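Residue numbers (this note's numbering), protein chains in the order written: chain E, 5 to 256; chain Z, 328 to 528.
Don't be surprised by glycine CBs; every beta carbon is placed ideally from N, CA and C.
Computed from a predicted structure; not experimentally measured.
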């Protein structure tokens with residue numbers, strides 16, 4: 005385990021919303037200008053803090069959906085019914101509004117071209133990404149980063165979305181990406197359907213003998229199920245890194 | 328001074344506020360699962376619990392021997408650094424005081440180590456004097472693997488990443504050595520009431 009972490013104090017920074025855009029039917033893309041943002045690695049997250057007029061504060065974590073090359077910070081926020089923070093972010097916040105955030109946080113669930121640069125392309129272990137729903141956020145940062153960096157590390161994404169209207173990422177989902185739809189597909193859908201299981205992983209993900217570095221992000225049950233399946237398929241547990249998210253309404 | 332967000336307000340009950348550390352929310356009946364890697368599956372026949380390191384007499388218990396140790400029941404609030412808190416969780420297991428009693432501890436820190444390679448560091452004072460347990464039972468049932476079964480550390484007065492899942496032992500250290508998340512910028516001690524989430528908090 006690398007012990008190269010930077011023990012840097014994380015101060016609250018003022019972030020100004022520049023855009024609040026629809027990213028899918030249930031997810032908004034919030035774009036921030038952050039004063040003094042120190043930069044980040046694809047896969048890291050931020051803590052967002054909201055303070056009410058009576059002094060009440062709430063904090064939530066969000067994966068960063070934009071690559072380090074983008075000077076602005078993009079967060080993909082799902083509007084969770086009954087949530088305390090997400091409805092404010094997605095429905096109330098408008099361009100020009102400020103909030104506080106701090107980060108980047110986390111140094112384990114990351115991949116970057118710089119970290120691979122010392123390894124010749126043919127000796128690099130490929131990167132396998134497995135996403136459930138809005139768990140694709142950190143992977144969009146990785147894919148965008150890989151594309152902008154012109155990085156030769158092979159990267160594949162297996163991405164489970166409910167319906168075609170829920171798919172995030174647009175043209176970042178290139179030929180290395182496979183989307184499976186779990187709640188019905190349009191008539192012209194040519195991709196797979198159904199949940200990520202052993203068969204889908206065998207067909208659309210790097211096999212264990214390719215020695216991929218595997219990243220899994222999504223709702224907690226999705227992550228637990230996929231991780232167990234990956235181990236059953238023969239991927240070593242040490243090659244599998246997990247990130248979970250979920251609002252208060254998420255089944256645990 | 329925090330930036331005030333107009334139109335933002337509390338949406339949850341305030342009845343439990345005196346039990347809710349700053350920046351946390353009550354997750355209610357849910358019990359979220361968090362781990363950095365896959366859930367290990369260690370057969371009980373191959374499981375043991377170890378106290379080693381700066382001790383006069385290293386200790387080892389098989390599963391059967393661990394189950395024979397004096398047991399305690401605790402009902403505690405737990406607080407995860409990812410912001411959720413859960414009130415009144417019920418656990419059963421063995422006090423760390425019991426595990427250390429015959430070891431002859433000579434250091435002031437411990438590193439908990441686990442199946443799957445996870446580690447976390449704690450001052451000895453945070454795991455002794457009735458403040459920490461190795462638990463194998465949650466809510467009257469054997470602890471589920473995704474929640475750390477067969478056994479996990481329980482240090483409820485610190486953020487829950489200190490309550491290492493799948494714990495296999497405690498290594499007593501002469502000095503503080505950061506564990507897994509502590510190496511990645513999380514706070515060395517992790518007191519939720521002082522909101523010690525990250526290094527420097």
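Under a three-way DSSP split, which group does residue 522 (chain Z) fall into?
In this structure, DSSP gives residue 522 (chain Z) a state outside helix and strand, which the three-state scheme calls coil.
State yes or no: is the beta carbon of residue 304 (chain Z) nearer than 8 Å to at least one beta carbon in chain E?
Summary: the structure shown does not reach residue 304 (chain Z), with chain Z confined to residues 328 through 528, and so no result is reported for it.
The beta strand (DSSP E) spanning residue 123 (chain E) covers which residue range?
Unbroken run through residue 123 (chain E): none, as it is neither H nor E.
Can you name the residues of chain E whose CB is closer than 9 Å to the CB of residue 410 (chain Z)?
51, 62, 63, 64, 65, listed in chain order.
Is there at least one Cβ from chain E nearer than 8 Å to residue 347 (chain Z)'s Cβ?
Chain E contact via Cβ: absent.
Below 8 Å on the Cβ atoms is my contact criterion, and I expect residue 350 (chain Z) with residue 61 (chain E) to pass it. Report the Cβ-Cβ distance as a whole number of Å.
Between residue 350 (chain Z) and residue 61 (chain E), the beta carbon gap of about 6 Å places them in contact (Cβ cut-off 8 Å).
How about residue 485 (chain Z) and residue 453 (chain Z): are their beta carbons less than 8 Å apart?
Contact flag set, yes.
Only counting the same chain, and skipping five residues up and downstream in sequence, which positions put a Cβ closer than 7 Å to that of residue 171 (chain E)?
Taken in chain order, the residues that qualify are 28, 165, 183.
Roughly how many angstroms separate the alpha carbons of residue 24 (chain E) and residue 34 (chain E), rounded to a whole number?
Rounded to the nearest whole angstrom, the C-alpha separation of residue 24 (chain E) and residue 34 (chain E) is 5 Å.
Closer than 8 Å is the cut-off here; do at least three beta carbon pairs connect the stretch 415 to 435 of chain Z with the stretch 460 to 468 of chain Z?
Verdict: yes, contact present.
If you draw a straight line from the alpha carbon of residue 425 (chain Z) to that of residue 475 (chain Z), how long is it in whole angstroms?
When only Cα atoms are considered, residue 425 (chain Z) and residue 475 (chain Z) end up about 20 Å apart.
Within 8 Å of chain Z by C-beta, residues of the stretch 229 to 249 of chain E in sequence order:
Listed by position along the chain: 231, 232, 234, 235, 241, 242, 244, 245, 246, 248.
Minimum length 4: unbroken alpha helix (DSSP H) runs contained in the stretch 390 to 477 of chain Z
Given a length threshold of 4 residues, each whole run of the alpha helix (DSSP H) inside the stretch 390 to 477 of chain Z is given here in chain order: 390 to 395, 423 to 427.
What did DSSP end up calling residue 239 (chain E) once you bin it into helix, strand or coil?
Residue 239 (chain E) sits in coil when the DSSP states are folded into three classes, being neither helix nor strand.
Length of the line joining the Cα atoms of residue 109 (chain E) and residue 245 (chain E):
In this structure, the alpha-carbon of residue 109 (chain E) lies about 16 Å from that of residue 245 (chain E).
Please report the straight-line C-alpha distance between residue 30 (chain E) and residue 83 (chain E), rounded to a whole angstrom.
Taken atom to atom, the span from the alpha-carbon of residue 30 (chain E) to that of residue 83 (chain E) is near 6 Å.
On the CB-based measure, 16 or more other CB atoms within 10 Å of its CB, does residue 106 (chain E) come out buried or exposed?
Answer is buried; the Cβ neighbour count reaches 16.
Looking at chain Z, which residues of the stretch 97 to 115 of chain E have a Cβ within less than 7 Å of any of its Cβ atoms?
Going along the stretch 97 to 115 of chain E in chain order, one finds 102, 103, 104, 109, 110, 111, 112 with a Cβ nearer than 7 Å to chain Z.
May I have the straight-line CA-CA distance separating residue 524 (chain Z) from residue 169 (chain E), to the nearest angstrom?
If you draw a straight line from the Cα of residue 524 (chain Z) to the Cα of residue 169 (chain E), it is about 37 Å long.
Could you check whether residue 381 (chain Z) and residue 447 (chain Z) sit closer than 8 Å to each other, using their CB atoms as the reference points?
Their beta carbons are not under 8 Å apart, which means residue 447 (chain Z) does not touch residue 381 (chain Z) by this criterion.
Bridge partner(s) assigned by DSSP for residue 61 (chain E)
Paired residue(s): E:55.
Residue 126 (chain E): buried (16+ other C-beta within 10 angstroms of its C-beta) or exposed?
Classification of residue 126 (chain E): exposed, given that the 10 Å Cβ count is below 16.
Count the other CB atoms, across all protein chains shown, that sit within 10 Å of the CB of residue 176 (chain E); report buried if there are 16 or more and exposed otherwise.
Residue burial annotation: residue 176 (chain E) is buried, with at least 16 other C-beta atoms found within 10 angstroms of its C-beta.
Return the chain-ordered list of same chain residues with a C-beta closer than 7 Å to the C-beta of residue 5 (chain E), the five sequence neighbours on each side being excluded.
Bear in mind that a pLDDT of 38 at residue 5 (chain E), under 50, signals an unreliable position, so the number given afterwards is only what the model happens to contain. Nothing meets the Cβ criterion.
Residue range of the beta strand (DSSP E) that includes residue 164 (chain E):
Membership of residue 164 (chain E) in the beta strand (DSSP E) is indicated by the continuous run 159 to 165.
Closer than 8 Å, CB to CB, is residue 18 (chain E) near chain Z or not?
Yes, residue 18 (chain E) counts as interfacial toward chain Z.
Using a beta-carbon distance cut-off of less than 8 Å, what residues from the stretch 24 to 58 of chain E approach chain Z?
So the list reads 51, 53, 54, 55, 56, 57, 58, given in the order they occur along the chain.
Residue from E:19, E:13, E:15, E:14 with nearest C-alpha to residue 332 (chain Z)
In terms of CA proximity to residue 332 (chain Z), E:19 leads the group E:19, E:13, E:15, E:14.
Along chain Z, in chain order, which residues have C-beta atoms closer than 9 Å to that of residue 224 (chain E)?
Neighbours of residue 224 (chain E) on chain Z, chain order: 359, 360, 361, 473.
On the criterion of 16 or more Cβ atoms from any shown chain inside 10 Å, does residue 202 (chain E) qualify as buried, or is it exposed?
Taking every protein chain shown into account, the CB of residue 202 (chain E) has fewer than 16 other CB atoms within 10 angstroms, so this residue is exposed.
With a cut-off of 8 Å, does the C-beta of residue 163 (chain E) fall near any C-beta of chain Z?
Residue contact check for residue 163 (chain E) against chain Z: no CB pair falls below 8 Å.
8 Å Cβ cutoff met for residue 132 (chain E) and residue 218 (chain E)
Taking 8 Å as the Cβ cut-off, residue 132 (chain E) and residue 218 (chain E) qualify as a contacting pair.
Less than 8 Å between the C-beta atoms of residue 147 (chain E) and residue 159 (chain E), yes or no?
In this structure, residue 159 (chain E) lies closer than 8 Å to residue 147 (chain E) by Cβ.
So, helix, strand or coil for residue 114 (chain E), using DSSP?
Coil, per DSSP.
Rounded to whole angstroms, what is the Cα-Cα separation between residue 398 (chain Z) and residue 392 (chain Z)?
Between the C-alpha atoms of residue 398 (chain Z) and residue 392 (chain Z) there is a straight-line separation of about 12 Å.
By the DSSP assignment, the beta strand (DSSP E) with residue 498 (chain Z) in it spans what residues?
Residue 498 (chain Z) -> beta strand (DSSP E) spans 494 to 500.
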